[in-house]
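Here the protein sequences line up with chains A and B, keeping their order.
Residue numbering for the first sequence follows the numbering used here, starting at 223 and increasing by one per position.
Residue numbering for the second sequence follows the numbering used here, starting at 269 and increasing by one per position.
Note that the Cβ used here is the ideal one computed from N, Cα and C, for glycine as well.
Below is one structure, written out as structure tokens; the observations come after it.
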Amino acid sequence: MAFDKLIHQPTRLKIMAYLARLGTDARVEFNKLLRDLGLTEGNLSRHLAKLEEAGYLRVEKGFVGRRPRTWVGLTGKGRDAFLAHVAELKRLLEGKTP
Amino acid sequence: MSREEAKNLLYAAQEGAALASRAQGPFLSGLLAVWGAVYALGYGLFPDSGGAWALLIVAGFALSFYLGGREARHLRTGAGRMLALLWSAFGLDLFALMLAGEGLGSGRSLAINLLVALAWMGSGVVLERSGILLAGALFALVNALVFALFPALYFPVLAGAGLLALSFGLFWRTRGLR
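Structure, rendered in structure tokens:
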């Protein structure tokens with residue numbers, strides 16, 4: 223299996239790892255993700271848009287009280303892609319060929 | 269790709285996962301502080317007062333669900349929903365036990381604390397956090413040992429454990445431990 227070029231970028235890999243740890247049924251509010259990952263708003267938005275476009279994330283708009291919120295969650299496709307990518311990285315480190 | 273690059277990428281993935289684990293820290297540390305305070309006050313000051321215990325438990329659950337609600341404004345997980353269900357059921361059982369008689373006799377207290385330990389262990393399994401699982405097991409062990417070997421010290425030890433939990437919860441909350 224080849225490396226996933228989209229997840230290969232370190233920040234996107236970190237975002238995927240964060241969401242994968244929480245599971246595919248989890249949803250994280252955009253500002254929390256921003257704070258926890260220490261990214262800028264523009265940077266995070268750009269990475270999320272690319273991952274959403276690939277079907278790896280779902281981004282939903284909603285309200286908490288009267289405040290608009292954006293929720294981000296990992297899809298099953300995203301989880302599978304992340305796990306496969308990490309497996310490839312480990313395989314490379316261990317010096318095994320697929 | 270070089271092995272060095274793969275190593276750095278794996279490190280980035282581990283860092284992302286660690287940040288997600290820490291994301292629930294403020295909620296869990298808040299819970300620990302709240303229930304530490306309930307135990308310290310209940311066993312330290314009002315061990316035999318049914319009314320005081322009922323008030324403390326209601327306050328403890330109200331604060332816990334407030335913290336859970338606040339957490340859900342930023343992070344919603346299946347594990348969180350399972351925890352809410354687990355602790356709601358436990359809270360109802362506990363309150364029914366409290367209504368059934370005056371105060372917490374040490375035998376009934378032991379039974380309740382073993383159930384509390386079980387609920388913490390269940391929470392550790394749901395959240396996949398071995399620290400919480402071990403803390404629940406340790407709490408059960410300390411309860412059983414002190415009750416069996418030093419019954420006169422049972423309430424003071426629980427009050428001390430409450431103070432310890434309160435201190436650790438506040439430390440965790442301010443220092444942001446994993």
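Here residue 243(A) is buried, its C-beta having at least 16 other C-beta atoms within 10 Å. Taking all protein chains in view, the Cβ of residue 275(B) is surrounded by fewer than 16 other Cβ atoms within 10 Å, so the residue is classified as exposed. Take residue 320(B), set aside five residues on each side of it, and the residues of its chain with a beta-carbon closer than 6 Å to its own are 314, in chain order. For residue 311(A), the nearest beta carbon of chain B is closer than 7 Å to its own beta carbon.
Counting only residues of its own chain and dropping the five nearest sequence neighbours on each side, residue 309(B) has a CB closer than 7 Å to the CB of 324. Judged by beta-carbon spacing, residue 394(B) lies within the 7 Å limit of residue 351(B), meaning their Cβ atoms are closer than that value. In the DSSP assignment, residue 344(B) is bridged to 249(A). Counting of Cβ neighbours within 10 angstroms places residue 411(B) among the buried residues, the total reaching 16 or more. Assignment of residue 262(A) by DSSP, reduced to helix, strand and coil, places it in the coil class. Residue burial annotation: residue 234(A) is buried, with at least 16 other C-beta atoms found within 10 angstroms of its C-beta.
Against residue 346(B), the close residues of chain A are 245, 247, 248, in the order they occur along the chain (beta-carbon pairs closer than 8 Å). In the pairwise beta carbon analysis, the region 292-312 of chain B is classified as touching the region 427-446 of chain B: at least three pairs are separated by under 8 Å. Within the same chain, and ignoring the five residues on either side of residue 387(B) in sequence, the residues whose Cβ sits closer than 8 Å to its Cβ are 354, 355, 358, 404.
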